[in-house]
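Residue numbers 0 to 87, in numbering that gives the first Met the number 0, belong to the letters of the sequence shown in order.
Note that CB positions come from ideal geometry on N, CA and C, so glycine has one too.
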Amino acid sequence: MRRLVKREVRTLANIKSAIKRAEKTVKQNAQNSAQKSAMRTAIKAFEANPSEELLRAASSSIDKAATKGLIHANKASRDKARLAAKLG
Numbered sequence: 000m001r002r003l004v005k006r007e008v009r010t011l012a013n014i015k016s017a018i019k020r021a022e023k024t025v026k027q028n029a030q031n032s033a034q035k036s037a038m039r040t041a042i043k044a045f046e047a048n049p050s051e052e053l054l055r056a057a058s059s060s061i062d063k064a065a066t067k068g069l070i071h072a073n074k075a076s077r078d079k080a081r082l083a084a085k086l087g
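Here it is in structure tokens:
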């Protein structure tokens, strides 16, 4: 996993807790983006060369994204079904 780059948080918040929340949001956004990107990469790898091993990796990645709330559970199920259909 890549190292998260600390970005400067520019916010209008004056309250300490609001500033902390803004900083957390930046970190969470970076983690969510990385997770979604990993999911898309796994899907593309499977589509380029369909195999049982890559299907398992893509399904796992999709499930992780759904568990963390990055995608809806129904979308995860739909995506996995479509990938399985491509396998054969």
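For L11 against P49, the beta-carbon gap comes to about 49 Å, at or over 8 Å, which does not count as contact. The beta carbon of M38 lies closer than 7 Å to those of S60, I61, A64 in the same chain, with the five residues before and after it left out. Counted as a single uninterrupted DSSP element, the alpha helix (DSSP H) harbouring V25 occupies residues 15-47.
If you check the CB distance, I42 and L69 do not come in under 8 Å. Between K67 and the set Q30, A57, K79, L53, the nearest pair of CA atoms involves Q30. Less than 8 Å divides the Cβ of S58 from the Cβ of K79. The three-state reading of DSSP puts A12 in coil, since its state is none of H, G, I, E or B.
In this structure, DSSP gives K79 a helical state, which the three-state scheme calls helix.
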